[in-house]
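Trainee:
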Amino acid sequence: MVNVKFTVNNREVEVKVDPTERLLDTLRDKLNLTGVKEGCAVGECGACTVLFDGEAMNSCLIPTVQAEGKEVLTIEGLGTNDTLDPLQQSFIDYQAVQCGFCTPGMILSAKALLNKNSSPTREDIKEAIDGNLCRCTGYEQIIQAVQNAADGEVEA
Amino acid sequence: MNKELNYYSVKEVEEAVKLLADNKLKLLAGGTDFMVDYRNEEDFLTGYDGILDLSNIDGIDEITESDNHIEIGAMVTHKDLVKSDLINKYYPALAQSAAAIGSTQIRNRATIGGNICNAAACADTLGPLIAFEARAILESVNGKRTMDVSEFVKWPYETEINDNEILISFTLPKPEEGTFSGFQKIGRRQALAITRISLAVKAVIESGIIKDINLVPGSATPVPTTFSEVEAEIKGKKLSEIDSKEIGEKAAEEMVGITGERWSTPYKKPALATLFRRAIKNLQEEVANNG
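Taken in order, these protein sequences are the chains called V and P.
Under full-length UniProt numbering, think of the first position of the first sequence as 1, with each following residue one higher.
Under full-length UniProt numbering, think of the first position of the second sequence as 1, with each following residue one higher.
#1: Please list, in chain order, all residues of the same chain as G187(P) whose beta carbon is under 7 Å from its beta carbon, the five residues on each side excluded.
#2: Assuming P128(P) is part of the alpha helix (DSSP H), what are its boundary residues?
#3: Does S109(V) come within less than 8 Å of chain P when only Cβ atoms are used?
#4: Counting only Cβ pairs nearer than 9 Å, list the residues of chain V close to V36(P).
#5: Establish whether the CB of N108(P) and some CB of chain V are separated by less than 8 Å.
#6: Grouping DSSP H, G and I as helix and E and B as strand, with all else coil, what is P86(V)?
#7: Tell me the DSSP secondary structure of K235(P) in three-state form.
#8: Consult DSSP for E158(P) and reduce its assignment to one of helix, strand or coil.
#9: Closer than 8 Å is the cut-off here; do at least three beta carbon pairs connect the segment 108-116 of chain P with the segment 73-82 of chain P?
#10: Can you tell me which of A56(V), K111(V), K116(V), N58(V) puts its alpha carbon nearest to the alpha carbon of G79(V)?
#11: Could I get the ranges of all uninterrupted beta strand (DSSP E) runs contained in the UniProt domain "2Fe-2S ferredoxin-type" (2-78) of chain V, with 3 residues as the minimum, in chain order?
#12: Considering only their Cβ atoms, is the gap separating A67(V) from F6(V) smaller than 8 Å?
#13: So does the segment 243-256 of chain P actually touch the segment 266-283 of chain P, counting three or more Cβ pairs closer than 8 Å?
#14: Which residues, in order along the segment 45-58 of chain V, keep a beta-carbon less than 7 Å from a beta-carbon of chain P?
#15: Please list, in chain order, all residues of the same chain as H97(P) whose beta carbon is under 6 Å from its beta carbon, the five residues on each side excluded.
#16: Below 8 Å between beta carbons: does that hold for L87(V) and A128(V)?
#17: Using a Cβ cut-off of 8 Å (strictly closer), state whether E140(V) contacts chain P.
#18: Which value, in whole angstroms, describes the spacing of the CA atoms of G143(P) and H69(P)?
#19: Output, in chain order, the set of chain V residues within a Cβ distance shorter than 7 Å of K53(P).
#20: Measure from the C-beta of G77(V) to each C-beta in chain P and report whether the shortest distance is under 8 Å.
#21: Anyone know if the C-beta pair for L239(P) and V287(P) falls short of 8 Å?
#22: Using 8 Å as the limit for Cβ to Cβ distance, is V96(P) near chain V?
#23: Would you say F132(P) and L81(P) are within 8 Å of each other, going by their C-beta atoms?
#24: With DSSP as the reference, label I168(P) as helix, strand or coil.
#25: Among V2(V), K30(V), S109(V), which residue has its Cα nearest to the Cα of L73(V)?
#26: Please list the terminal residues of the continuous beta strand (DSSP E) segment that includes V216(P).
#27: So which residues of chain P does R22(V) contact, with C-beta pairs closer than 7 Å?
#28: Could you name the residues of the segment 111-128 of chain V whose beta carbon sits closer than 7 Å to any beta carbon of chain P, in the order they occur along the chain?
#29: Checking 8 Å against the spacing of the C-beta atoms, do G236(P) and I205(P) come in under that value?
#30: Where do the ends of the beta strand (DSSP E) carrying A6(P) lie?
#31: Do the segment 129-144 of chain V and the segment 26-38 of chain P touch if we need at least three Cβ pairs shorter than 8 Å?
#32: Quick one: give me the first and last residue of the alpha helix (DSSP H) that A112(V) is part of.
#33: Starting from the C-beta of E15(P), find all residues in its chain whose C-beta is less than 6 Å away, skip the five residues before and the five after it, and write them out in chain order.
#34: Assuming S140(P) contacts V17(P) under a Cβ cut-off of 8 Å, what Cβ separation, rounded to an integer in Å, is found between them?
#35: Given a threshold of 16 other Cβ atoms within 10 Å of its Cβ, counted over all protein chains shown, does Q105(P) qualify as buried or as exposed?
#36: Does any residue of chain V bring its CB to less than 8 Å from the CB of S169(P)?
So, in structure tokens, the structure goes:
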């Protein structure tokens with residue numbers, strides 16, 4: 001077993017893991033961060049997306065040992081129960097959530113984009129969420145929610 | 001269940017190759033293939049003493065420029081390739097192939113060294129590396145050796161790398177003046193699609209004449225290779241006079257000459273012909289506009 005120290009949602013954590021343990025499992029099972037979802041487990045659906053040193057990545061494809069010294073952000077670290085992140089509020093306002101399973105990953109992919117680009121084009125948004133599948137909304141409301149959160153013009 | 005595996009993460013290539021000399025270790029780069037294969041293949045780590053993580057080794061995640069070459073570290077990610085000014089300036093086809101891979105999340109994590117060492121027939125960066133005549137640099141306790149990337153991949157998922165070696169980087173000669181390049185792929189949809197068939201092109205055009213051309217399709221042959229018959233057909237000719245449709249048909253024939261008729265041939269022949277036709281047309285347009 002390997003000791004790994006890293007930061008999750010601005011909190012220092014230390015875990016003992018097998019070298020093949022996925023960050024997804026560490027977050028869900030050891031750190032109780034169940035906002036991270038397991039969908040396909042092969043990096044195609046994006047439900048397990050987290051920000052890893054600020055970049056959107058699939059936590060199902062990251063061995064936890066590679067998180068040593070890194071900063072991880074999950075949906076639990078975005079906003080609080082009283083004050084939502086503008087992206088979270090925008091997803092509600094634009095009804096970009098139906099079943100909700102893809103939502104944490106979707107919001108984090110969008111967050112990674114907005115952190116770097118405060119006025120993304122529609123194409124930028126589509127590229128940022130190209131690794132996140134949503135089988136309910138048809139993506140349109142999601143794109144609008146991101147545009148709105150970015151203070152961009154929302155195309156109807 | 002596997003016995004408990006050792007995990008090694010070191011800072012220097014020197015330390016890494018020493019560990020590899022003394023232990024049988026599975027190399028871990030970005031993990032995007034590793035983690036899927038580990039879960040799918042029961043014997044993925046059977047017989048290994050442990051895992052050697054390359055992600056903390058200094059200096060192999062950079063793109064550097066020298067007088068005549070660009071060196072791309074094996075741990076450079078696809079995102080790095082897409083964003084790199086040097087790659088976009090000298091090797092647009094490589095940047096385009098990296099942009100075509102997976103999704104944002106995969107491109108942020110997956111490395112070019114991992115893509116080549118995994119050596120899928122559909123590995124998107126392989127074709128452009130071969131087209132640009134890249135060489136792979138391998139290191140072990142015995143020192144370094146280099147080989148053409150076109151020789152490095154022997155068969156799908158099989159490379160020339162020895163158990164005691166690490167792929168450190170790729171060196172690419174800087175293209176001569178008048179070089180144009182491009183990459184196209186056909187997948188089932190835009191994002192996250194495994195390449196059904198692709199084509200990397202590098203051409204040197206001088207006064208409208210094709211001085212040199214490398215055409216490397218991906219997923220068309222077991223290992224991507226330059227299509228030398230088609231290249232010979234085109235070389236020395238005036239670009240504007242080339243019949244792109246005819247070249248497409250010849251490329252399809254050359255593919256069948258290599259692979260024989262397979263179950264996928266009825267799909268791949270017209271698909272490859274179309275890619276070649278488009279590539280020649282794009283080249284003609286680009287040269288007409290910028291040449």
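Note that beta-carbon positions come from the ideal geometry of N, C-alpha and C, so glycine has one too.
Quick caveat: nothing in here was measured; it's all calculated off a predicted structure.
Mentor: According to the structure shown:
#1: In the second sequence, counting from the first residue as 1, residue 187(P) sits at position 187. Within the same chain, A193, I194, T195, R196 come within 7 Å of G187(P) by CB-CB distance, once the 5 residues on both sides are set aside.
#2: Taking the first residue of the second sequence as position 1, residue 128(P) is located at position 128. Unbroken alpha helix (DSSP H) run through P128(P): 126-131.
#3: Position 109 of the first sequence, counting from 1, holds the residue named residue 109(V). Using beta-carbon distances, S109(V) counts as an interface residue toward chain P, with a partner under 8 Å.
#4: Residue mapping note: residue 36(P) aligns to position 36 of the second sequence, counting from 1. Per Cβ cutoff of 9 Å: A41, V42, G43, C60, L61.
#5: For the purposes of this step, residue 108(P) is taken as residue 108 along the second sequence, with counting starting at 1. Interface residue, yes.
#6: Here residue 86(V) refers to the residue found at position 86 of the first sequence. If DSSP states are grouped into helix, strand and coil, P86(V) belongs with the helices.
#7: Within the second sequence, numbered from 1, the residue matching residue 235(P) stands at position 235. DSSP places K235(P) in coil when its eight states are reduced to three.
#8: In the second sequence, the residue the question calls residue 158(P) occupies position 158. Judged by DSSP in its simplified three-state form, E158(P) adopts strand.
#9: The answer is yes - the segment 73-82 of chain P touches the segment 108-116 of chain P, with three or more Cβ pairs under 8 Å.
#10: Residue 79(V) sits at position 79 when you count from the first residue of the first sequence. Just measuring C-alpha positions, the residue of A56(V), K111(V), K116(V), N58(V) sitting nearest G79(V) is K111(V).
#11: Listed in chain order, the beta strand (DSSP E) elements of length 3 or more contained wholly in the UniProt domain "2Fe-2S ferredoxin-type" (2-78) of chain V are 2-8, 11-17, 49-52, 55-58, 71-73.
#12: In the first sequence, counting from the first residue as 1, residue 6(V) sits at position 6. In the first sequence, counting from the first residue as 1, residue 67(V) sits at position 67. In contact: F6(V) and A67(V) (Cβ atoms closer than 8 Å).
#13: Short answer: they touch.
#14: Against chain P - using a Cβ distance shorter than 7 Å - the residues of the segment 45-58 of chain V are G46, T49, E55, A56, M57, N58.
#15: For this step, residue 97(P) is matched to residue 97 along the second sequence. It is Ser, not His, that sits at residue 97(P) in the sequence shown. Cβ neighbours of S97(P) within its own chain (closer than 6 Å, five residues either side excluded): D124, T125, P128, F183.
#16: On the first sequence, position 87 is the one that residue 87(V) refers to. On the first sequence, position 128 is the one that residue 128(V) refers to. No, these two residues do not count as a Cβ contact at 8 Å.
#17: The sequence position of residue 140(V) within the first sequence is 140, counting from 1. Under the 8 Å criterion on CB atoms, E140(V) is classed as non-interfacial with respect to chain P.
#18: Position 143 of the second sequence, counted from the start, is the residue given in the question as residue 143(P). Position 69 of the second sequence, counted from the start, is the residue given in the question as residue 69(P). In a straight line, the C-alpha of G143(P) is about 21 Å away from that of H69(P).
#19: Residue numbering aside, residue 53(P) sits at position 53 when the second sequence is read from its first letter. As written in the sequence, residue 53(P) is Asp, which differs from the Lys given in the question. The answer, in chain order, is V65, Q66.
#20: Residue 77(V) sits at position 77 when you count from the first residue of the first sequence. Answer no: the Cβ-Cβ gap between G77(V) and chain P never drops below 8 Å.
#21: Here residue 239(P) refers to the residue found at position 239 of the second sequence. Here residue 287(P) refers to the residue found at position 287 of the second sequence. Yes, Cβ-Cβ distance for L239(P) and V287(P) is below 8 Å.
#22: Indexing the second sequence from 1 puts residue 96(P) at position 96. The sequence given here has Gln at residue 96(P), not Val. Answer no: the Cβ-Cβ gap between Q96(P) and chain V never drops below 8 Å.
#23: Residue 132(P) sits at position 132 when you count from the first residue of the second sequence. Residue 81(P) sits at position 81 when you count from the first residue of the second sequence. No. Outside cutoff.
#24: On the second sequence, residue 168(P) is found 168 positions in, with the first residue counted as 1. In this structure, I168(P) counts as strand in the three-state DSSP scheme.
#25: Against the first sequence, residue 73(V) aligns to sequence position 73. The shortest C-alpha separation from L73(V) is found at S109(V).
#26: Position 216 of the second sequence, counted from the first residue, corresponds to residue 216(P). Segment 209-218, the beta strand (DSSP E) holding V216(P).
#27: Here residue 22(V) is taken as the residue at index 22 of the first sequence, counted from 1. Per Cβ cutoff of 7 Å: M35.
#28: Per Cβ criterion, the list reads E127, A128.
#29: Walking along the second sequence from the start, residue 236(P) turns up at place 236. Walking along the second sequence from the start, residue 205(P) turns up at place 205. Against a cut-off of 8 Å, the Cβ pair of I205(P) and G236(P) comes out as no contact.
#30: Start at 1 with the first residue of the second sequence, and residue 6(P) comes out as number 6. The residue you asked about is not Ala; residue 6(P) is Asn in the sequence shown. Residues 6-9.
#31: With a cut-off of 8 Å, the segment 26-38 of chain P and the segment 129-144 of chain V do not count as touching, because too few Cβ pairs lie within range.
#32: Position 112 of the first sequence, counted from the start, is the residue given in the question as residue 112(V). For A112(V), the uninterrupted alpha helix (DSSP H) segment begins and ends at 103-116.
#33: On the second sequence, position 15 is the one that residue 15(P) refers to. Correct list: empty, nothing qualifies.
#34: Within the second sequence, the letter at position 140 stands for residue 140(P). Within the second sequence, the letter at position 17 stands for residue 17(P). Confirmed, about 5 Å.
#35: Locating residue 105(P) in the second sequence gives position 105, where the first residue counts as 1. With 16 or more other Cβ atoms within 10 Å, it is buried.
#36: Here the question's residue 169(P) lines up with position 169 in the second sequence. It does not: the Cβ of S169(P) has no partner Cβ on chain V nearer than 8 Å.
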